[in-house]
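Chemist:
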Amino acid sequence: MGGGRNAVDRILVGSVTEASVRRASCDVLTVKGQATDTLYNNLLVAVDGSEKALTKAIAVAKTYESSLKIVHVVEIHASPYAHTVLSVYQQQDNNEEETEQNMEH
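All letters in the sequence shown, in the order written, are residues 15 to 119 by our numbering.
#1: Are the CB atoms of N56 and S81 nearer to each other than 8 angstroms?
#2: How long is the line joining the alpha carbons of V88 and A75, rounded to whole angstroms?
#3: Measuring alpha carbon to alpha carbon, tell me which of S101, T77, Y78 and L68 ends up nearest H86.
#4: Please decide whether S29 counts as near chain D, where near means a Cβ-Cβ distance under 8 angstroms.
#5: Determine the closest residue to E114 out of G63, T77 and V30, with distance taken between C-alpha atoms.
#6: Mind checking which residues open and close the beta strand (DSSP E) that includes A60?
#7: Is it the case that the Cβ atoms of E41 and K70 are separated by a distance below 8 angstroms?
#8: What span of residues does the beta strand (DSSP E) with S64 cover, start to end?
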(Lines of atoms letter the chains of each structure in order from A; the text may use other names.)
(Lines give C-alpha, C1' and ligand atoms only; values in the text may rest on other atoms or scores of the structure.)
Protein backbone atom coordinates (compact mmCIF):
# COMPACT_ATOMS: atom_id res chain seq x y z
CA MET A 15 0.00 0.00 0.00
CA GLY A 16 1.51 3.31 -1.05
CA GLY A 17 1.71 6.48 0.95
CA GLY A 18 0.03 8.70 -1.61
CA ARG A 19 -3.63 9.59 -1.69
CA ASN A 20 -5.75 9.42 -4.81
CA ALA A 21 -8.93 11.31 -5.66
CA VAL A 22 -11.18 8.59 -4.21
CA ASP A 23 -9.35 8.75 -0.87
CA ARG A 24 -9.82 12.50 -0.71
CA ILE A 25 -13.53 12.18 -1.45
CA LEU A 26 -14.20 9.41 1.08
CA VAL A 27 -12.17 10.75 3.99
CA GLY A 28 -11.07 14.33 4.59
CA SER A 29 -7.44 15.12 5.34
CA VAL A 30 -8.11 16.13 8.96
CA THR A 31 -10.10 12.96 9.60
CA GLU A 32 -7.45 10.80 7.98
CA ALA A 33 -4.66 12.41 10.01
CA SER A 34 -6.64 11.99 13.24
CA VAL A 35 -7.37 8.32 12.59
CA ARG A 36 -3.78 7.54 11.63
CA ARG A 37 -2.30 9.22 14.71
CA ALA A 38 -4.87 8.20 17.31
CA SER A 39 -3.70 5.99 20.16
CA CYS A 40 -7.29 4.98 20.94
CA ASP A 41 -10.34 3.67 19.10
CA VAL A 42 -11.85 6.15 16.66
CA LEU A 43 -15.38 6.36 15.26
CA THR A 44 -15.77 8.60 12.22
CA VAL A 45 -19.17 9.93 11.22
CA LYS A 46 -20.05 11.86 8.09
CA GLY A 47 -22.34 14.82 8.64
CA GLN A 48 -24.09 15.91 11.80
CA ALA A 49 -25.32 13.63 14.57
CA THR A 50 -28.98 12.59 14.56
CA ASP A 51 -31.12 10.26 16.66
CA THR A 52 -30.90 7.60 13.95
CA LEU A 53 -27.17 8.02 13.41
CA TYR A 54 -26.20 4.54 14.49
CA ASN A 55 -28.99 2.44 12.95
CA ASN A 56 -26.65 0.81 10.45
CA LEU A 57 -22.98 0.33 11.19
CA LEU A 58 -20.33 -0.72 8.71
CA VAL A 59 -17.13 -1.61 10.50
CA ALA A 60 -13.80 -2.43 8.90
CA VAL A 61 -11.87 -4.83 11.10
CA ASP A 62 -8.23 -5.81 10.98
CA GLY A 63 -8.75 -9.37 12.14
CA SER A 64 -8.03 -8.65 15.77
CA GLU A 65 -10.49 -9.78 18.39
CA LYS A 66 -10.39 -6.30 19.96
CA ALA A 67 -11.68 -4.62 16.79
CA LEU A 68 -14.59 -7.03 16.49
CA THR A 69 -15.41 -6.80 20.21
CA LYS A 70 -15.56 -2.99 20.03
CA ALA A 71 -17.78 -3.10 16.93
CA ILE A 72 -20.21 -5.50 18.60
CA ALA A 73 -20.32 -3.36 21.74
CA VAL A 74 -21.21 -0.22 19.76
CA ALA A 75 -23.90 -2.10 17.82
CA LYS A 76 -25.44 -3.46 21.03
CA THR A 77 -25.35 -0.05 22.73
CA TYR A 78 -27.28 1.61 19.91
CA GLU A 79 -29.32 -1.48 18.92
CA SER A 80 -27.84 -1.19 15.44
CA SER A 81 -27.45 -3.61 12.61
CA LEU A 82 -23.80 -4.45 12.10
CA LYS A 83 -22.01 -5.26 8.88
CA ILE A 84 -18.36 -6.20 9.11
CA VAL A 85 -15.79 -5.77 6.36
CA HIS A 86 -12.34 -7.31 6.28
CA VAL A 87 -10.26 -6.74 3.18
CA VAL A 88 -7.58 -9.20 2.17
CA GLU A 89 -5.11 -8.06 -0.44
CA ILE A 90 -4.20 -10.88 -2.80
CA HIS A 91 -1.45 -10.39 -5.33
CA ALA A 92 -2.00 -12.16 -8.63
CA SER A 93 0.76 -14.24 -10.13
CA PRO A 94 1.44 -15.24 -13.72
CA TYR A 95 1.81 -18.84 -12.58
CA ALA A 96 -1.33 -20.97 -12.89
CA HIS A 97 -0.78 -22.90 -9.65
CA THR A 98 -0.92 -19.62 -7.75
CA VAL A 99 -4.39 -18.87 -9.12
CA LEU A 100 -5.66 -22.03 -7.48
CA SER A 101 -4.01 -21.09 -4.22
CA VAL A 102 -5.74 -17.69 -4.37
CA TYR A 103 -9.11 -19.46 -4.43
CA GLN A 104 -7.98 -21.79 -1.67
CA GLN A 105 -6.91 -18.76 0.36
CA GLN A 106 -10.34 -17.20 -0.17
CA ASP A 107 -12.06 -20.38 1.01
CA ASN A 108 -9.79 -20.55 4.05
CA ASN A 109 -10.52 -16.90 4.87
CA GLU A 110 -14.26 -17.48 4.59
CA GLU A 111 -14.09 -20.53 6.86
CA GLU A 112 -12.01 -18.63 9.43
CA THR A 113 -14.45 -15.71 9.34
CA GLU A 114 -17.43 -18.01 9.91
CA GLN A 115 -15.66 -19.63 12.86
CA ASN A 116 -14.87 -16.23 14.36
CA MET A 117 -18.46 -15.08 13.94
CA GLU A 118 -19.67 -18.07 15.99
CA HIS A 119 -17.75 -16.81 19.02
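The beta carbon of each residue, even a glycine, is placed where N, CA and C say it ideally should be.
Modeler: Taking the structure as given:
#1: Yes.
#2: C-alpha separation (whole angstroms): 24 angstroms.
#3: Cα-wise, what sits closest to H86 is L68.
#4: Going by chain labels, chain D is absent from the structure shown, which holds only one protein chain.
#5: Of G63, T77 and V30, the residue nearest in Cα terms is G63.
#6: Note, A60: beta strand (DSSP E), N56 to A60.
#7: Per the sequence shown, residue 41 should be read as Asp rather than Glu. With respect to the 8 angstroms criterion, D41 and K70 are classified as neighbours on the basis of their beta carbons.
#8: Run containing S64: none; DSSP gives neither H nor E here.
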